[in-house]
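This report refers to the structure that appears directly beneath it.
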Amino acid sequence: MSFAPNDAVTRGEMAAFVHKAGKVSKEVEESPVNQVPWVNSGVLEKITSNSVKISGLTYSLASGVKNILGTHNDAVLNGAKIEVEQSNGLIKKIEKLELNKSGRSSSKVVLDGKNGTIDGDLVISADYVTVENMTVQGDFIITNKLKNDFYAEDLNVRSDTMINSDDGGKIVLEDSKLQAVKVNSEDVRIEARGSTTANYFIFTKDAMIISEKTISKIIVDKKDVDLILGTNTKVYNIELPRSVDLKDVVASRSQRENIEHINGWDNPEYDPYDYYDDDDDDDDVRYINGGHYGKLTIREDAHIRNVSVDELILDPGNNGDVTLNNVEVDYITIKSGGTNSIRLIDTTVFKTITVENDRTIRIVFGSGTDVNRVILETAAILDAGTSNADINEVEIRPTSGNDVISFNGDAFSNTYVAVSKPAFVETVRNTELRKITVTAETGSVFLETATNTLYISGKAEVIIDNTKIKDVIMAALQAALNIRSSATIAGTLTILEDGTIKVANHIDCHPSSRCGRRWRNNN
1378 MSFAPNDAVT
1388 RGEMAAFVHK
1398 AGKVSKEVEE
1408 SPVNQVPWVN
1418 SGVLEKITSN
1428 SVKISGLTYS
1438 LASGVKNILG
1448 THNDAVLNGA
1458 KIEVEQSNGL
1468 IKKIEKLELN
1478 KSGRSSSKVV
1488 LDGKNGTIDG
1498 DLVISADYVT
1508 VENMTVQGDF
1518 IITNKLKNDF
1528 YAEDLNVRSD
1538 TMINSDDGGK
1548 IVLEDSKLQA
1558 VKVNSEDVRI
1568 EARGSTTANY
1578 FIFTKDAMII
1588 SEKTISKIIV
1598 DKKDVDLILG
1608 TNTKVYNIEL
1618 PRSVDLKDVV
1628 ASRSQRENIE
1638 HINGWDNPEY
1648 DPYDYYDDDD
1658 DDDDVRYING
1668 GHYGKLTIRE
1678 DAHIRNVSVD
1688 ELILDPGNNG
1698 DVTLNNVEVD
1708 YITIKSGGTN
1718 SIRLIDTTVF
1728 KTITVENDRT
1738 IRIVFGSGTD
1748 VNRVILETAA
1758 ILDAGTSNAD
1768 INEVEIRPTS
1778 GNDVISFNGD
1788 AFSNTYVAVS
1798 KPAFVETVRN
1808 TELRKITVTA
1818 ETGSVFLETA
1828 TNTLYISGKA
1838 EVIIDNTKIK
1848 DVIMAALQAA
1858 LNIRSSATIA
1868 GTLTILEDGT
1878 IKVANHIDCH
1888 PSSRCGRRWR
1898 NNN
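Under the working numbering, the first residue of the sequence shown is numbered 1378, with each subsequent residue one higher.
And the structure:
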């Protein structure tokens, strides 16, 4: 056969050309998606029970993404922008999802994750949207395309939440768990309903926030920000810019009375007795006033007053609040509560408080409170503030060596602390403990504490840093002490048995003390 491009084409040859061209076209159309190695991003065009079409290409779905990319979400996902991780035409992960289909005030569009996970960011660029039953591993972002309302329920965000909605929008977050929440919208209204919690909120513009649970921390990022708090919204700590007073940010005195700390220090306007409003019609809070009980178990938020009880079990849930006022009790067992606080005011614990929960529990020791002994089996915040509480003894024996135990308040100056298992123990601000005894035999005990005496009677390595200790006594055979450069030993270091001491290049040690003489002799 010779190549003759200028010769006339017969009808037979033309028919052959058309047939071959049609065959090639059909092969291209029917080419399986697994020949496409990767799609970085695209627009969702169609959803079936087992596949989705993204910018003209059809993909099958791994079981982990079907809960989100399912036909039940067809209305809200139509036209959404998406980035996926796929292999051989199978979508394994959702790396980013941006919703741009708006609903109406009377009928919101709903993204139901059915407990599924987005491995990257979720972006809301639409109005009247509901997101529920979902975990977002990346950032959760609300853009200025949201003009009116957004609602979330059972939303777990593992990274930052950024609210950049149009001015005056309303954001409702119910039974959700958030990390940092950054609010950059003017006059936005945020409602944290049910069990919703966040590590902290940052406000750069005027806003209103309502929360049914105590807000751990609010950061006011600019001097001219005005905040409105809901009627019963409690705040543990608010951080203000330098030279800014609380009244410049929160105009209402009654709202300021619900803020416990300012920049980490006690708020003089704080009113803890606001918890005892007898006219409060909150049906979710249990009120007990008066009586004697042999055993009393609390499984919800509660205010307990004027009660005597032999054994009290507190299990209000991981975000629960329980307040005891004028209570006499032998034993208290705390099984849950989170950082929203177990509060004791004018309360006497004759025997022991035992904290069993596996997450940080905050116990507030108010004025007039007298506690014989506290046993901590978990991370905890023990907060006495400026109260005149009396806490005699605290034993630290957490189930995890990573648990942090934090002490705050002058009341702990008369407290004996025993550490029987590995832990991280700290004192904040000007708190000083009377004596710390370390009896742990294995692992490490890390101390960033101020104390009059540190007594080591176990073999666990004791690391001291960012701390001021008057006297240290190493009483155990094979005791191990690691002195970091920021540690200060103001008095004596006494060694009663053979042990190991590691010393940083520089430690603060008074030159005339026994400690100072020993280090000079050894170095």
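Ideal Cβ placement from N, Cα and C applies to all residues, glycine included. Just so you know, these numbers come straight off a predicted model, no measurement behind them.
Three-state secondary structure assigned by DSSP to residue i
i	result
A1864	strand
L1873	coil
Q1514	coil
S1631	helix
M1378	Summary for M1378: the model assigns pLDDT 45, below 50, so the residue's position carries little reliability; its value from the coordinates is reported in the next sentence. Coil, per DSSP.
N1695	coil
K1443	helix
T1448	helix
S1777	coil
D1526	strand
D1915	Residue numbering for the chain in the displayed model covers 1378 to 1900; residue 1915 lies beyond these limits and cannot be assessed.
N1640	coil
S1797	coil
D1787	helix
G1671	strand
G1419	strand
Limits of the unbroken beta strand (DSSP E) element including residue i
i	result
A1757	A1757 to G1762
L1474	L1467 to L1476
G1490	V1486 to I1495
S1588	A1584 to S1588
A1569	V1565 to R1570
L1721	I1719 to I1722
N1614	V1612 to E1616
Q1463	K1458 to S1464
R1739	I1738 to F1742
Residue environment, residue i, which counts as buried when at least 16 other CB atoms sit within 10 Å
i	result
R1739	buried
V1401	Reliability of the predicted coordinates at V1401 is poor, the pLDDT of 44 falling under 50, and the value obtained from them is presented with this limitation in mind. Looking at its Cβ environment, which holds fewer than 16 other Cβ atoms inside 10 Å, V1401 is exposed.
F1727	exposed
T1819	exposed
R1720	buried
D1875	exposed
D1622	exposed
P1645	exposed
R1630	exposed
S1777	exposed
R1633	buried
K1590	buried
T1448	exposed
Run of the alpha helix (DSSP H) containing residue i, from where it starts to where it stops
i	result
K1624	L1623 to V1626
D1451	D1451 to L1454
S1593	Element bounds for S1593: not the alpha helix (DSSP H) but the beta strand (DSSP E), I1592 to V1597.
Candidates the options, of which the one nearest residue i by Cα
i	options	result
R1619	D1489, N1609, N1640 and R1633	N1640
T1877	M1851, R1861, S1863 and I1866	M1851
I1587	N1769, V1565 and V1706	V1565
T1581	R1570, E1589 and K1600	K1600
D1598	S1629, T1573, T1574 and V1558	V1558
R1861	I1711, T1826 and A1853	T1826
L1831	F1823, I1846 and A1817	I1846
G1697	E1460, T1710, R1682 and I1675	I1675
E1509	T1814, G1515, D1516 and T1494	T1494
K1836	K1547, A1817 and T1828	A1817
A1529	T1512, N1541, D1543 and V1461	T1512
Beta carbon proximity, residue i to chain D, threshold 9 Å
i	result
I1846	You won't find chain D in this structure, because it holds only one protein chain.
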